[in-house]
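S.K.:
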Amino acid sequence: MTNNPLPYLPFGVSPGLMAVGVSAAVVVLVVTWAGLRRRREAALYNLEDLVASLHQANAELTGRVRTMGEALSARQSDLARLVTERLDSVNARMGQTLDRSAHRTGEGLARLHERLAVIDAAQARLTGLTEEVVGLKDILANKQARGAYGQGRMEAIVRDGLPADAYAFQPTLSNRTRPDCTVKLPGDRAALVIDAKFPLEAFQALKAAEQEHERAQAGARVRTDMGKHIRDIAERYLIPGETQDTALMFVPSESVFADLSEHFPDVLQKASRARVMVVSPTLLTLAIQLMRSVARDARMREQAHLIQAEVRGLTDDVRRLGERVGKLDDHFRLARKDVSDISSLADRIVTRGDRIDAVDYAVPPVPANDQRVQPPGLFDGAAE
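Numbers given in this note's numbering equal positions in the sequence shown, counted from 1, plus 361.
1. For the structure I just gave you, are there three or more beta carbon pairs, one from the region 561-575 and one from the region 633-650, closer than 8 Å?
2. Figure out for me which residue from 543, 583, 463 has the closest Cα to the Cα of residue 554.
3. Just list the beta strand (DSSP E) runs in the region 528-554, keeping only unbroken ones of 3 residues or longer that don't cross its boundaries, in chain order.
4. According to DSSP, simplified to helix, strand and coil, what is residue 608?
5. Can you give the Cα-Cα distance for residue 408 and residue 434, rounded to whole angstroms?
6. Using 10 angstroms around the beta-carbon of residue 355, count the other beta-carbons present and answer buried if the total reaches 16, otherwise exposed.
7. How long is the line joining the alpha carbons of residue 629 and residue 563, rounded to whole angstroms?
8. Please identify the residue among 614, 647, 420 whose C-alpha is closest to the C-alpha of residue 511.
9. For the ligand ATP, is there a heavy atom less than 7 Å away from the beta-carbon of residue 486?
10. Which first and last residues belong to the alpha helix (DSSP H) in which residue 642 is found?
11. For the candidate residues 635, 444, 583, 627, whose alpha-carbon lies nearest to that of residue 608?
12. Measuring alpha carbon to alpha carbon, tell me which of 478, 645, 535 ends up nearest residue 556.
13. Distance check for residue 470 and residue 463, CA to CA, integer angstroms please.
14. Considering only the beta carbon of each residue, do residue 534 and residue 475 sit closer than 8 Å?
15. What's the C-alpha gap between residue 515 and residue 545?
16. Could you tell me the distance, in whole angstroms, from the CA atom of residue 415 to the CA atom of residue 423?
17. Cutting at 7 Å between CB atoms, please list the residues of its own chain near residue 518, excluding the five before and the five after it.
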């Protein structure tokens with residue numbers, strides 16, 4: 362019999378010890394496997410709990426998401442409605458603003474058209490004024506036309522301020538001269554002379570002068586021409602007993618009169634010494650108004666007796682009116698007394714009527730055995 366040799370065991374380990382080691386290893390493996398199984402089962406249980414928790418969390422999350430979705434949808438609807446309302450409001454305000462802007466723009470355009478029309482009218486008037494100024498320049502350049510222009514302005518002022526019987530144009534004086542106008546003053550046979558001619562060429566030369574020597578020459582010419590014209594007025598129109606001792610020289614330009622007053626006071630003093638007063642349109646208007654007031658006062662003095670007679674008649678009428686008012690007041694007083702008496706009589710009649718109405722007309726009953734004579738009844742005869 363052949364014996365099988367035992368396997369070689371290292372380190373001199375016996376087979377029994379080897380079996381014990383194997384058994385221990387098996388036990389360890391079994392214990393380890395059991396532990397692992399328990400851990401796996403615990404892990405599976407924990408995993409199931411985790412899955413359940415996840416499902417619950419998922420359900421809660423789904424509910425929250427649904428709630429949030431509904432809330433978001435509601436918010437979105439509210440936001441859309443709010444945006445729509447805001448847009449409608451903005452559109453309405455924008456429309457109103459545009460309407461107001463269009464209305465204001467229309468009004469502005471209308472006013473602009475009106476102003477343009479006014480500007481066009483003003484431009485047309487300026488054009489006409491320019492033509493008139495050019496015509497005036499032509500008139501002033503012509504001595505005869507200039508005299509007619511001054512005469513026209515002076516006549517317009519006189520006509521506007523005085524009655525027709527208080528002035529005369531181009532009358533002939535005793536010395537065969539013809540002044541432009543004479544004004545009759547009340548209470549005086551002497552008339553006031555007004556001259557409407559003036560030497561304009563010297564003033565035009567003064568305005569056109571640029572150099573100092575040219576202005577000096579033009580100023581000297583103004584003094585010469587004005588002095589000559591003042592002497593002519595004094596010699597021709599100041600006639601004792603026929604005209605006033607003062608005459609008026611009319612300058613139909615305020616600017617020319619201003620130049621005279623500012624730059625040529627010596628000329629005005631010379632005219633004053635010669636009893637010739639240089640007047641502008643404004644001063645002539647004031648003088649004419651003063652003459653009209655004087656004439657009105659003179660007429661009032663002339664008619665004073667008529668006014669006094671009318672006042673006396675008016676006083677008598679007022680006195681008679683007072684007497685008639687007194688008589689009428691007496692009539693009213695008597696009428697008021699009669700009305701008061703009638704009212705008192707009516708009150709007494711009413712009082713007596715009330716007393717009569719308060720009397721008791723009932724007849725007391727009469728006993729059957731009463732033999733006194735009874736008054737016949739009202740309808741006794743009718744009953745028979």
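Each residue gets a CB set at the ideal place from its N, CA and C atoms; glycine is no exception.
M.R.: Reading from the atomic positions:
1. With fewer than three CB-CB distances shorter than 8 Å, the region 561-575 does not count as touching the region 633-650.
2. Per the Cα distances, 543.
3. Listed in chain order, the complete beta strand (DSSP E) runs (minimum 3 residues) inside the region 528-554 are 528-530, 542-545.
4. The answer is strand: DSSP assigns residue 608 an E or B state.
5. Each residue's alpha carbon lies about 37 Å from the other.
6. Shown here, the chain extends from 362 to 745; a query on residue 355 therefore has no answer.
7. Answer to the nearest angstrom: the Cα atoms are 16 Å apart.
8. Closest in alpha carbon position to residue 511, among 614, 647, 420, is 614.
9. Here there are no bound small molecules, and the ligand ATP is not part of this structure.
10. Here the alpha helix (DSSP H) through residue 642 covers 642-663.
11. Looking at the Cα atoms, 635 is the closest of the given residues.
12. When only C-alpha atoms are compared, the closest one is 645.
13. So the two alpha carbons sit approximately 10 Å from each other.
14. For residue 534 and residue 475, no; Cβs fall outside 8 Å.
15. Cα-Cα distance, rounded: 16 Å.
16. Each residue's alpha carbon lies about 12 Å from the other.
17. Counting only Cβ-Cβ distances below 7 Å, and skipping sequence neighbours, we find 642, 645, 646, 649.
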